[in-house]
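In this note's numbering, the protein residues as written are 103 to 169. Glycine residues also receive a C-beta, built at the ideal position from the N, C-alpha and C atoms. What follows is a set of notes on a single structure, which appears directly below.
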Ligand SMILES: [Zn+2]
């Protein structure tokens, strides 16, 4: 139940590449490579800030898709 991975476009919101392996955080797809990086990332690390930035970008583009 609730597994929509098959039909959705699996494009990572962080690296912006289409990946086979990953998961959805809220409705944003994050590939395993970036997920793995995040776990080891300190909050103040540039990579984390980049993640937040990409997430916001993904949110605004999703708003566009919904329109
Ligand atoms: Zn990624």
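Asked                                                                                                                                                     : Found
Could you tell me if residue 160 is buried or exposed, where buried requires 16 or more neighbouring beta carbons within 10 angstroms of its beta carbon? : buried
Which term fits residue 128, buried or exposed, when burial requires 16 or more other beta carbons within 10 angstroms of its beta carbon?                : exposed
Is residue 113 helix, strand or coil when you go by DSSP?                                                                                                 : strand
State the start and end residues of the unbroken beta strand (DSSP E) segment that holds residue 128.                                                     : Where residue 128 is concerned, there is no enclosing beta strand (DSSP E), given that its DSSP letter is neither H nor E.
Less than 7 Å between the beta carbons of residue 112 and residue 130, yes or no?                                                                         : no
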